[in-house]
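So the sequence shown is numbered by my numbering: it starts at 305 and just counts up by one. Cβ atoms here follow ideal geometry from the backbone N, Cα and C, with glycine treated the same way. Just so you know, these numbers come straight off a predicted model, no measurement behind them.
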Amino acid sequence: MAFKQTILCIGAGYVGGPTMSMIAKNCPDTQVIVVDLNEARIKAWQSETLPIYEPGLREVVDEAIGRNLFFSTDVIANIPKADIIFVSVNTPTKTYGQGAGRAADLQYWEAVARTIKEHATSDTIVVEKSTLPVRTAEAIERILHASQNGVHFDVLSNPEFLAEGTAIHDLENPDRVLIGGREDEQGQKAIQTLVDIYAEWVPREKILTTNVWSAELSKLTANAFLAQRISSINAISALCEATEADVDEVAHAIGTDSRIGPKFLRSSVGFGGSCFKKDILNLVYLCEHYGLTEVAAYWEQVVLMNEYQMNRFVDKIVSGLFNTLVNKRIALFGFAFKANTGDTRESPAITVTRRLLEERANVVISDPQAIPEAKHDLADVIDHVEFSEDPYEAAKGAHAVCIMTEWEQFKDLDYQRIYDAMLKPASIFDGRNILDHAALGEIGFNVYPVGKHAIVNG
Ligand SMILES: NC(=O)c1ccc[n+]([C@@H]2O[C@H](COP(=O)([O-])OP(=O)(O)OC[C@H]3O[C@@H](n4cnc5c(N)ncnc54)[C@H](O)[C@@H]3O)[C@@H](O)[C@H]2O)c1
């Protein structure tokens, strides 16, 4: 079949894979090729076991793969075929040199831009899908236009707002799609090409078009606001514990105010995921770069509050277990940074595990999806950690259970059975406030939620 156009996506990760599968599903007359240097990842996309766990993803991939969706490791050979190239490579926090610990590391992005420049043979639209600092498009344009071969490139910013765990739902019914481009005629034409793709399944009024800098900055701002809400309610949770207020009651009471709204007001051990911390630190770095010291300090506090909350959680475990954890078995229920994903990047469970090990506890980790990732994250201390898919096994002989991820299945466990198999006094530290605390107290547990009074039986 002759395709109307060809889209290439460079980077087959959590964003590139699902977004391109959704485009392929909804635009059957467009060829979509997803490439990555990581051979194992590409093989997994072509196999029965996809490289990432995401509810509903299998069905979307199955509908399009082999029809108009293809995965490949050959980046260079596919560039000349593409009318549009999405770049969805990783943009981690820089760990070296200027801006280390804050700025985005753009080495992968720049390498890709140079490869595109070298191998494109006709005019091409290049789409920033990765989250990038504001004004990156300018640098990318300069690199691309250094080409001598007469090829013209239009650079668009199309940041991705999907949330892991609900990626397929978010891609199918996005709150909005954001496309930023140059304001000249050529830029507007490029924007329209991308609008037409999304309009195959997204209502036109939900497709927002802006200038390229606004689109770039909107993504960083969205993540900063979302993380800020979590840090705000977590700050209040500390005050609740000191005053016998209940954080869920406070969240409900303020969330009914339509100006505030109820979402993202759940207190917890802290936020994780590959994006929030990195994007805020990137925002902080940008503010500092532009001399906006107060603005930088304001946003940095969101990250500091998150660290405070994780440390507070561990402090509570130490004091709840009589100020020593030496040789005590502590079962962590959940390691993924949130439910319905196997992703553990920046998961609070990593910080908590490492601190528990420092206290010389014996840590056992149970998670329905993330044990392979957990083993990878803890490779340097693997001899000191146990893993068990079965939470009942993990809790056997433990002094404490800690809820680290809000997996549905943890709500439905037989906690009487768990209690019977634990050492006494048996404690539960509910880092996600998902359990029935009163019922646990009835069984005999000491219960330590977040932002609520503890129940201490013994
Ligand atoms: N994960 C999310 O929920 C999410 C949501 C919105 C935006 N983002 C942003 O999207 C971007 C990608 O995130 P991700 O989670 O998909 O990352 P990821 O690490 O899962 O995937 C990136 C992929 O790019 C590949 N890659 C790197 N350099 C390459 C090159 N030169 N050629 C070919 N492939 C190359 C890597 O091998 C990797 O598989 C980041 O900027 C991130 O901030 C992520």
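State the Cα-Cα distance for the pair residue i and residue j, rounded to the nearest angstrom.
i    : j    : result
G254 : H688 : No statement about residue 254 is possible, as the shown extent of the chain runs from 305 to 762 and does not include it.
G317 : F390 : 13 Å
V705 : D552 : 21 Å
T470 : K642 : 11 Å
L629 : L727 : 13 Å
I388 : P359 : 28 Å
L312 : T428 : 11 Å
L482 : E504 : 15 Å
A526 : A467 : 12 Å
L436 : N666 : 40 Å
Y602 : R439 : 22 Å
A600 : E697 : 46 Å
N644 : G577 : 13 Å
G624 : V618 : 10 Å
T497 : N538 : 43 Å
R633 : L361 : 37 Å
S562 : D550 : 21 Å
E442 : T513 : 18 Å
N737 : A683 : 29 Å
G491 : E611 : 42 Å
L596 : E604 : 12 Å
K582 : T560 : 31 Å
L524 : D409 : 15 Å
G646 : A678 : 9 Å
H473 : I511 : 17 Å
S426 : E489 : 19 Å
N382 : V516 : 26 Å
A725 : N631 : 17 Å
H703 : V685 : 21 Å
Once you ignore the five residues that flank residue i on each side, which residues in its own chain have a CB closer than 8 Å to its CB?
i    : result
E548 : H757
I675 : F639, I669, F691 and E693
P672 : E693, W711 and Q713
T334 : F307, K308, Q309, T310, I311, I327, A328, N372 and I501
S434 : G315, V319, V391, S392, V393, N394, T395 and W413
Just to confirm, are residue i and residue j a CB contact at a threshold of 8 Å?
i    : j    : result
V573 : Q613 : yes
F457 : V430 : yes
S571 : A546 : no
I346 : T310 : no
L587 : A653 : no
A640 : V668 : no
M324 : V364 : no
E509 : G484 : no
V338 : F375 : yes
A424 : P396 : no
E432 : S451 : no
E249 : V622 : The structure shown does not extend to residue 249, since the chain is modelled only from 305 through 762, so no value can be given for it.
I540 : F568 : no
L739 : K715 : yes
L475 : P322 : yes
V506 : P478 : yes
G755 : C544 : yes
L717 : P695 : yes
A542 : R659 : no
S522 : P566 : no
Quick one: what's got a C-beta closer than 7 Å to residue i's C-beta in the same chain, skipping five residues either side?
i    : result
Q720 : I747
A531 : F575, F580, I584 and V606
I447 : E414, A417, R418 and K421
Y589 : G403, R406 and A407
A269 : No information on residue 269 is available, as it lies outside the stretch 305 to 762 that the chain covers here.
I564 : I558
D340 : G315, A316, I346 and T377
K620 : F733 and Y752
M609 : S535, N538 and A539
Under 6 Å Cβ to Cβ from residue i, same chain only, skipping five residues before and after it: list those, please.
i    : result
A328 : V336, A368, N372 and L373
M708 : L636, G638, A653 and G735
V751 : I732, H741, L744, G745 and I759
N761 : G748 and N750
I380 : H423
P729 : N750 and G762
Q771 : The shown model of the chain, from 305 to 762, leaves out residue 771, and the question about it has no answer.
K398 : A404, A407 and D409
E343 : T377
Q: Evaluate contact between the segment 348 to 359 and the segment 307 to 321, counting only Cβ atoms and requiring at least three cross-stretch pairs below 8 Å.
A: yes
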